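2 protein chains.
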Amino acid sequence: MWTIGQLAQATRTTVRALRHYDQIGLLRPTERTQNGHRRYGPDDLRRLYRIRALRTFGLSLDEIATALEAPASMTALLHAHLAALSRRASEIEALRTQLTRLLDHDDPTGYLKALEMMAMLDPYLTPEQQDSLAARREHLGPEAVENAKTEWRTLVESLLECVRTGRAPDSEEARALVARWDAIGALFHAGGTGTEAAARRMWAENSEEISARLPWSADDMRELVAYVTRVRENG
Amino acid sequence: MWTIGQLAQATRTTVRALRHYDQIGLLRPTERTQNGHRRYGPDDLRRLYRIRALRTFGLSLDEIATALEAPASMTALLHAHLAALSRRASEIEALRTQLTRLLDHDDPTGYLKALEMMAMLDPYLTPEQQDSLAARREHLGPEAVENAKTEWRTLVESLLECVRTGRAPDSEEARALVARWDAIGALFHAGGTGTEAAARRMWAENSEEISARLPWSADDMRELVAYVTRVRENG
DNA sequence: CGTACGACCTGCCGTCACGTCCGATTCAAG
DNA sequence: CTTGAATCGGACGTGACGGCAGGTCGTACG
Numbered sequence: 001m002w003t004i005g006q007l008a009q010a011t012r013t014t015v016r017a018l019r020h021y022d023q024i025g026l027l028r029p030t031e032r033t034q035n036g037h038r039r040y041g042p043d044d045l046r047r048l049y050r051i052r053a054l055r056t057f058g059l060s061l062d063e064i065a066t067a068l069e070a071p072a073s074m075t076a077l078l079h080a081h082l083a084a085l086s087r088r089a090s091e092i093e094a095l096r097t098q099l100t101r102l103l104d105h106d107d108p109t110g111y112l113k114a115l116e117m118m119a120m121l122d123p124y125l126t127p128e129q130q131d132s133l134a135a136r137r138e139h140l141g142p143e144a145v146e147n148a149k150t151e152w153r154t155l156v157e158s159l160l161e162c163v164r165t166g167r168a169p170d171s172e173e174a175r176a177l178v179a180r181w182d183a184i185g186a187l188f189h190a191g192g193t194g195t196e197a198a199a200r201r202m203w204a205e206n207s208e209e210i211s212a213r214l215p216w217s218a219d220d221m222r223e224l225v226a227y228v229t230r231v232r233e234n235g
Numbered sequence: 236m237w238t239i240g241q242l243a244q245a246t247r248t249t250v251r252a253l254r255h256y257d258q259i260g261l262l263r264p265t266e267r268t269q270n271g272h273r274r275y276g277p278d279d280l281r282r283l284y285r286i287r288a289l290r291t292f293g294l295s296l297d298e299i300a301t302a303l304e305a306p307a308s309m310t311a312l313l314h315a316h317l318a319a320l321s322r323r324a325s326e327i328e329a330l331r332t333q334l335t336r337l338l339d340h341d342d343p344t345g346y347l348k349a350l351e352m353m354a355m356l357d358p359y360l361t362p363e364q365q366d367s368l369a370a371r372r373e374h375l376g377p378e379a380v381e382n383a384k385t386e387w388r389t390l391v392e393s394l395l396e397c398v399r400t401g402r403a404p405d406s407e408e409a410r411a412l413v414a415r416w417d418a419i420g421a422l423f424h425a426g427g428t429g430t431e432a433a434a435r436r437m438w439a440e441n442s443e444e445i446s447a448r449l450p451w452s453a454d455d456m457r458e459l460v461a462y463v464t465r466v467r468e469n470g
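One line per chain: the protein sequences are A and B, in this order. If you use this note's numbering, the first sequence closes out at 235, no skipped numbers anywhere. If you use this note's numbering, the second sequence closes out at 470, no skipped numbers anywhere.
Right, dumping it as structure tokens:
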């Protein structure tokens, strides 16, 4: 039988951690002395070893508790955890390629603008930005641009789906999508009155050229714009 | 100028996040209305885009704040973050290989024992465990065993360093290390009185054989044991 | 015999980036 | 004027503890 301090020292944990495990019921000491001091026995030691082993795998204390109570579920749990680790690994890999690509071109003052661009949803509406962004796009490489466009694409895809399925222009979904579209446009052209209409005109005129670099056909885009207009009128 | 809700909707953030940014001073609205409602301007929008871009890289809000206040530090910060990501990636990779190796042998009931072994610091002190663990070691593969021994190795390395540098056996450091050594031994042989001495004798007799599988020479280990004994006598 | 020290106890606050819920106020529309 | 939506600030919760405060206990020393 050992005190909490001895157990902590011998297993490289801390007294605080052991008290925490006690508190959440993960590792209760075999007994308490008259004075309330925790007394740990060999069984507790073994359990602690298992806990620590599972923690090195990155499992949460909740998961560890379930695993120790139902050893049969271990296989499934560890497999699930392995899958989660793999997902996390590819996430990190994507981040790393983006970051290295960004840092390869050592233009520290340009970072902010590049980052801005990557976060903006729609870099296609004004021609000045078109030009500067076209250069930046070359500069950053395709993956970063892909990433930046993801959110915008989602919106366009959703709207195209509405067009294809003939969804009513006064439906809840259509109005929500167009509301976002408008909000994006309004925010992007933070100039004041009239810029929105100008941008829409510009978009209509240049849609061919722009959509040549988009994954949708110019016809689809024209239909989409018409649909958006109808939604606006019906709202 | 936009309300908090409009900004949140257009940038795919949430109202709560924007209030949080305001609270910690990361993104203050350009102004407030008479009634305290937040009003965001174009500058706020640009700053928010940068914040969101940096967040996709996994930077903390603190790091983002420093980066935005001192753009010159960006390069260093992003490089540091990249290094951190790389470290995390190799950690995850190590975990994945360990987990896959463990799950390859589908012996669900054996997991617990294997995990126990991996967490124990010193599998070299009793011959019965020696045998069963030798089999397990074969079963688990070299990496898992390496991982299990890491903690034990650290202790031995520290003590060998004391021996080499002729550190006084009554020094603070030496006593601390031996205290851990003893605590480990005492816990591992949870049998009762006398087992510790027996284990020490066994260790002295089998040290050649054992150290053959250790990264230290038998001579070093003998010196180490002698040193530990001296520390015990002086403490 | 008092006291100083070390180890232990409980309980509370802080971490990080918000989500969620609350009651109170304010805004825009009918 | 009323109603519903939007906003406000504040509080609590998340996970796995770290750190601190204030109290108790046992022991070694002067």
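Virtual Cβ for every residue (Gly too), placed ideally from N, Cα, C. Computed from a predicted structure; not experimentally measured.
Distance between residue j and residue i (C-alpha atoms, nearest Å)
| i | j | result |
| --- | --- | --- |
| residue 167 of chain A | residue 257 of chain B | 39 Å |
| residue 255 of chain B | residue 261 of chain B | 8 Å |
| residue 394 of chain B | residue 409 of chain B | 7 Å |
| residue 12 of chain A | residue 1 of chain A | 17 Å |
| residue 227 of chain A | residue 305 of chain B | 45 Å |
| residue 315 of chain B | residue 323 of chain B | 12 Å |
| residue 61 of chain A | residue 267 of chain B | 45 Å |
| residue 245 of chain B | residue 259 of chain B | 22 Å |
| residue 241 of chain B | residue 97 of chain A | 33 Å |
| residue 162 of chain A | residue 284 of chain B | 29 Å |
| residue 47 of chain A | residue 72 of chain A | 16 Å |
| residue 289 of chain B | residue 277 of chain B | 19 Å |
| residue 327 of chain B | residue 164 of chain A | 43 Å |
| residue 269 of chain B | residue 250 of chain B | 20 Å |
| residue 52 of chain A | residue 4 of chain A | 16 Å |
| residue 321 of chain B | residue 65 of chain A | 31 Å |
| residue 391 of chain B | residue 104 of chain A | 43 Å |
| residue 292 of chain B | residue 319 of chain B | 12 Å |
| residue 334 of chain B | residue 82 of chain A | 7 Å |
| residue 59 of chain A | residue 458 of chain B | 40 Å |
| residue 36 of chain A | residue 464 of chain B | 36 Å |
| residue 407 of chain B | residue 325 of chain B | 36 Å |
Short CB-CB distance (under 8 Å) between residue i and chain B
| i | result |
| --- | --- |
| residue 37 of chain A | no |
| residue 100 of chain A | yes |
| residue 166 of chain A | no |
| residue 20 of chain A | no |
| residue 151 of chain A | Residue confidence is low: residue 151 of chain A scores 45 on pLDDT, short of 50, so the model does not pin down where it sits. Its coordinate-derived value is still stated next. Cβ-Cβ to chain B under 8 Å: yes for residue 151 of chain A. |
Those residues which DSSP pairs with residue i across a bridge
| i | result |
| --- | --- |
| residue 275 of chain B | B:237 |
| residue 266 of chain B | B:274 |
Closer than 7 Å at the beta carbon, the chain A residues around residue i
| i | result |
| --- | --- |
| residue 406 of chain B | Under the 7 Å cutoff, chain A gives no residues; its nearest Cβ is about 18 Å from residue 406 of chain B. |
| residue 314 of chain B | 103 |
Partners in chain B for residue i, counting only beta-carbon separations shorter than 7 Å
| i | result |
| --- | --- |
| residue 88 of chain A | 327 |
Residue i: contacting residues in chain A (beta-carbon distance under 8 Å)
| i | result |
| --- | --- |
| residue 478 of chain B | Since the first residue shown for chain B is 236 and the last is 470, residue 478 of chain B is missing from the structure and cannot be characterised. |
Chain A contact for residue i (CB, 8 Å cutoff)
| i | result |
| --- | --- |
| residue 260 of chain B | no |
| residue 447 of chain B | The predicted model places residue 447 of chain B with a pLDDT of 43, which falls under 50 and marks its position as unreliable, so this point remains unresolved. |
| residue 361 of chain B | With a pLDDT of 33 at residue 361 of chain B, under the threshold of 50, the predicted position of this residue should be treated as unreliable, and no value is reported. |
Same chain, Cβ closer than 6 Å to residue i, five either side skipped, listed in chain order
| i | result |
| --- | --- |
| residue 412 of chain B | 393 and 394 |
| residue 302 of chain B | 309 and 312 |
| residue 449 of chain B | Confidence in residue 449 of chain B is poor, its pLDDT being 47 and thus under 50, which makes the residue's placement too unreliable to answer from. |
Residues near residue i in its chain [Cβ-Cβ closer than 7 Å; skip 5 each side]
| i | result |
| --- | --- |
| residue 264 of chain B | 257, 273, 274, 275 and 279 |
| residue 63 of chain A | 77 |
| residue 243 of chain B | 249, 250 and 253 |
Proximal residues to residue i (C-beta, below 8 Å), its chain only, five neighbours per side dropped
| i | result |
| --- | --- |
| residue 330 of chain B | none |
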